[in-house]
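Data block below; observations after.
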Amino acid sequence: MIELKNIDVTFQNGSHEFKAVDNVSLKINKGEIFGIVGPSGAGKSTLVRVINLLQRPTNGEVIIEGSDITKFNRKQLRKTRLNIGMIFQHFNLISGSTIAENVAFSLYANNYPKDKIKDRVKELLEIVHLPEKADAYPANLSGGQKQRVAIARALANNPDILLCDEATSALDPQTTQSILSLIKDIHDKLGLTVIIITHQMSVVEQICTRVAILNHGTVVEEGAVSEVFASPKSQEAKQLV
Ligand code: ADP
């Protein structure tokens with residue numbers, strides 16, 4: 001469903017060029033929960049942002065459902081992005097808006113029928129088990145609750161793909177567990193393809209089916225989570241496990 005082919009991302013820092021992603025090729029199957037793990041600075045966030053072209057690759061192809069989206073025009077890209085939800089480490093909620101307004105924002109932005117927005121927001125807040133917080137503001141929510149709102153917002157337009165960029169890194173272990181269970185439940189119910197970016201192997205162990213290990217912008221190992229845990233081959237995988 002998602003294929004990254006020979007992806008490079010080079011940043012220009014003054015006269016210095018820095019390759020944050022270096023010739024990465026990955027295939028992610030429809031409906032799987034795929035982990036991309038590695039230490040800080042490995043290029044994980046840059047790579048995941050390539051999937052919805054928040055970051056354009058310097059070289060390579062991003063193939064989603066058979067089409068190379070780097071070749072898409074604005075209209076085609078907008079449509080593709082509607083199909084890709086994303087959540088972040090720091091939730092990125094609008095502090096001056098209520099929880100319901102935060103979730104509704106994605107719907108307004110994408111011309112959802114106005115008379116159906118209220119019901120859709122209610123439905124989304126029920127999916128993330130927060131219907132009672134509709135009129136609260138982000139400042140009155142815990143970190144885990146904020147991430148639930150962000151998940152509701154990411155699901156607003158019924159995407160097939162959910163990108164999670166260090167979504168549990170700002171949360172305590174117990175809240176991490178509950179957010180991962182929620183992501184797993186949503187994945188099972190809605191049949192989403194989920195990509196999890198994390199520096200924590202425990203997150204991969206709990207939720208992912210396959211994993212790629214990234215270091216210095218390159219994939220150093222890839223495989224089923226059970227295999228990588230049972231017999232890590234690369235030095236990086238051995239350290240992480
Ligand atoms: P990770 O998510 O694994 O921590 P990142 O993808 O955020 O890694 O960053 C990889 C490397 O690319 C880091 O060294 C970072 O400083 C660098 N980098 C990321 N974004 C930019 C940018 N916009 N300009 C220059 N360097 C960047």
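In this note's numbering, the protein residues as written are 1 to 241. Ideal Cβ positions, reconstructed from N, Cα and C, are used throughout, including at glycine.
The segment 59-105 contains, as complete beta strand (DSSP E) runs of 3+ residues, the segments 59-64 and 84-88 (chain order). Looking at the DSSP output, A237 bridges to nothing. Residue pairing from DSSP leaves N157 without any beta-bridge partner.
For the 8 Å CB-CB criterion, I213 and G14 do not form a contact. The residues I28, I195 and R210, in chain order, have a CB closer than 6 Å to that of F34 in the same chain once the five nearest residues on each side in sequence are set aside. Spatial neighbours of A20 in its own chain (CB-CB distance under 7 Å, excluding positions within 5 residues in sequence) are listed in chain order as V9, F11, G43, T46 and G217. A direct Cα-to-Cα measurement between F72 and R81 gives close to 11 Å. Between R153 and S106 the beta-carbon gap is near 5 Å, inside 8 Å, which marks them as a contact. Per DSSP, T176 is one residue of the alpha helix (DSSP H) stretching across P173 to L190. If you draw a 10 Å sphere on the C-beta of P138, you find 16 or more other C-beta atoms in it, and that means buried. If you draw a straight line from the Cα of P131 to the Cα of K122, it is about 6 Å long. As a beta-bridge residue in DSSP terms, R210 pairs with F34 and A224. Between A150 and L93 the beta-carbon gap is near 6 Å, inside 8 Å, which marks them as a contact. Selection around the ligand ADP by beta-carbon proximity, strictly under 6 Å to any non-hydrogen atom, yields F11, N13, F18, A20, G38, S40, G41, A42, G43, K44, S45 and T46 in chain order. In this structure, DSSP gives D135 a state outside helix and strand, which the three-state scheme calls coil. Between the C-alpha atoms of V128 and V103 there is a straight-line separation of about 11 Å. In the structure shown, A20 falls within a strand segment according to DSSP collapsed to helix, strand and coil.
The C-alpha of Q200 is placed about 15 Å away from the C-alpha of T175. DSSP places S202 within a helical segment (H, G or I) once states are collapsed to three. A Cβ-Cβ distance of about 5 Å is found for the pair E236 and V220, placing them in contact under the 8 Å criterion.
Taking the Cβ atoms as the reference, I84 lies roughly 28 Å from A136, outside the contact range of under 8 Å. L125 and K146 have their C-alpha atoms spaced approximately 12 Å apart.
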